[in-house]
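Okay, so here's the structure we're looking at.
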């Protein structure tokens, strides 16, 4: 596991901090939760292997964690997952079972495989050990900041990372950020109970954040912490991706850039030099990434 | 100053380490040498300000270091310097004096400005304090690796970074890497004395490495360390830029990517988990960067 850097960003005459979790092994924070979960397995469970379903980042996290512990991993992945994520999962030594996102249930397939092999299913967020593992991001933030954070902006899919950070940094205001139309965590926090995404949910580049229902576990931890939720638009996300490349020299994937997008769009409210923005992943299809950067560079040229 | 991360890279069944100095404040290692030099100034010298000439990264390093110490900075910069570097230098509060790279001597302009203002000239590499400051990269590598490095591949312009690392890590083999046709350090190390670039030098994207003559100071330190030099082609550099984005999630500028390019091209010789590759900077024009990534993504698609 890499202790990812906390990078300073000059902002509005002051400074905020970027937790660059895209620099984690496997390109996202997911390795943290996966390792913590796998470390809880008994010897017998290790031998039967693990199963996970994931659009990509959790897949890589589980595959890398399993390889490092000598455990076999099978990953259930949508057939339209980014090739960059599929290839990396294979490279980490996992077996992939593809499914159709529109017609099949990944939960059912994952459960069937787990039953067939006697393998343990590693959930991507609805699990105490996974949430605690993601919380190591918060532990590092506290150590690297050298003082209490006042606000942490976190990209949110199922809420594992946000909940983990909320548990690790109880003094901080936690702000979850989701793509437009996928703000089920924001609405669940407002409602005080899990509220699913409104169907049909709009298309989004944020393949890592396409969860349609949060879990009582992550929602509970975030509600307890009085977290609140924001959403950002696709153009705001694309601007954040280009900003991250130019001003931070890091590659952010769409889902990883949403919290930075909220900051740049002025949606984050007051910030300070104790504010942290998490960039949670950087696994983006190379052609898509080049296209976003080219369009943003052309926009900037026209604008100035 | 940021303690930049040492990122693991799976390589040929093992692992090497990437020192991601593109994540430094100002987007390159140059802040390190500039701060160390400015910290040597007397109170009277601080008041008269500093002058530097630079194609960009040293400019940003001096501007940021000067601002952090409350010192006025004037930067002599080629008129065709990347806008991304010029803008960042202005944003850091420095004054810029532009010159024509083909017809004017930046050394003469810098010296004249220094004389007029009584300001101290901060050299980009030919200075003991600057070299020692860059050497802090080596000090960090030693601490982060937790053991002695066996080989360090370093992008080389004037040789300040390479020489600083050689002084900090006397146990390591130092390999300087330069763009094709700009391998004056490699040839100087072979000759045992400064040998200029052969004119006309070919065009290169590596604006940060276009020095035509190394200094006796940097050459001396590297020769003492038995360093050797390599060169890489422009296509090799572009492949390394795309590789860095995809597999390391960092933005490397052309000059910052040459050492990684040497590794990828198989020019680095035997490597181990004690080998470190320095990515020295990430300040690249956004449109150029997008273009390189798009071409590389199209190549990869055709190739596989």
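Residue numbers (our numbering), protein chains in the order written: chain A, -7 to 296; chain B, -7 to 296. Yeah, the Cβ is synthetic: ideal placement off N, Cα and C, and Gly gets one too. As the structure is a prediction and not an experimental result, all values here were calculated from the model.
- With a threshold of 16 other beta carbon atoms within 10 Å, residue 74 of chain B meets it and is buried.
- Using a Cβ-Cβ cut-off of 8 Å, residue 242 of chain B is close to 15, 241, 242 and 243 of chain A, given in chain order.
- Put simply, the stretch 134 to 142 of chain A does not touch the stretch 53 to 69 of chain A. Fewer than three CB pairs are less than 8 Å apart.
- Assigned with DSSP and collapsed to three states, residue 11 of chain B falls in strand.
- The Cβ atoms of residue 246 of chain B and residue 198 of chain B sit closer than 8 Å to each other.
- Per DSSP, residue 84 of chain B has no beta bridge partner at all.
- In this structure residue 147 of chain B is not in contact with residue 43 of chain B, their Cβ atoms being roughly 25 Å apart against a cut-off of 8 Å.
- Taking a contact as a CB-CB distance under 8 Å, the pair residue -3 of chain B and residue 0 of chain A does not count as one, their CB atoms being some 14 Å apart.
- When the Cα atoms are used, residue 22 of chain B and residue 158 of chain A turn out to be separated by approximately 37 Å.
- Runs of the beta strand (DSSP E) lying entirely within the stretch 3 to 81 of chain B and spanning at least 3 residues, in chain order: 6 to 12, 42 to 45 and 65 to 70.
- Around the beta carbon of residue 132 of chain A, 16 or more other beta carbons lie within 10 angstroms, which makes this residue buried.
- In the three-state DSSP reduction, residue 125 of chain A falls in the helix class (H, G or I).
- In the assembly as shown, residue 2 of chain A is an exposed residue. Its beta-carbon has fewer than 16 other beta-carbons within 10 Å.
- At a Cβ-Cβ threshold of 8 Å, residue 178 of chain A and residue 168 of chain A count as neighbours.
- Counting the other CB atoms within 10 Å of its CB gives residue 11 of chain B a total of 16 or more, which places it among the buried residues.
- Look at the beta carbons and you see the stretch 230 to 242 of chain A touching the stretch 274 to 290 of chain A: at least three pairs across the two are nearer than 8 Å.
- Counting only Cβ-Cβ distances below 8 Å, residue -1 of chain B has contacts in chain A at -6 and 15, in chain order.
- Residues of chain B whose Cβ lies closer than 7 Å to the Cβ of residue 19 of chain A are, in chain order, 241.
- The straight-line gap separating the alpha-carbon atoms of residue 284 of chain A and residue 48 of chain B is approximately 25 Å.
- Taking C-beta separations shorter than 7 Å and ignoring five residues to either side along the sequence, the partners of residue 128 of chain B in its chain run 24, following chain order.
- Cα atoms of residue 97 of chain A and residue 45 of chain A: separation of roughly 10 Å, rounded to the nearest angstrom.
- Here residue 107 of chain B is exposed. Its C-beta has fewer than 16 other C-beta atoms within 10 Å.
- If you check each beta-carbon in the stretch 40 to 67 of chain A against every beta-carbon of chain B, none falls closer than 9 Å.
- DSSP places residue 170 of chain A in the strand class (E or B) of the three-state scheme.
- Comparing alpha-carbon positions, the option among B:110, B:8, B:200 and B:151 lying closest to residue 215 of chain B turns out to be B:151.
- Runs of the beta strand (DSSP E) lying entirely within the stretch 172 to 253 of chain B, each at least 3 residues long, are 220 to 224 in chain order.
- Taking a contact as a CB-CB distance under 8 Å, the pair residue 223 of chain A and residue 201 of chain A does not count as one, their CB atoms being some 10 Å apart.
- Within chain A, 241 have C-beta atoms less than 7 Å from the C-beta of residue 274 of chain B, given in sequence order.
- Taking a Cβ-Cβ threshold of 8 Å, none of the residues of chain A is close to residue 270 of chain B; the smallest such distance is about 14 Å.
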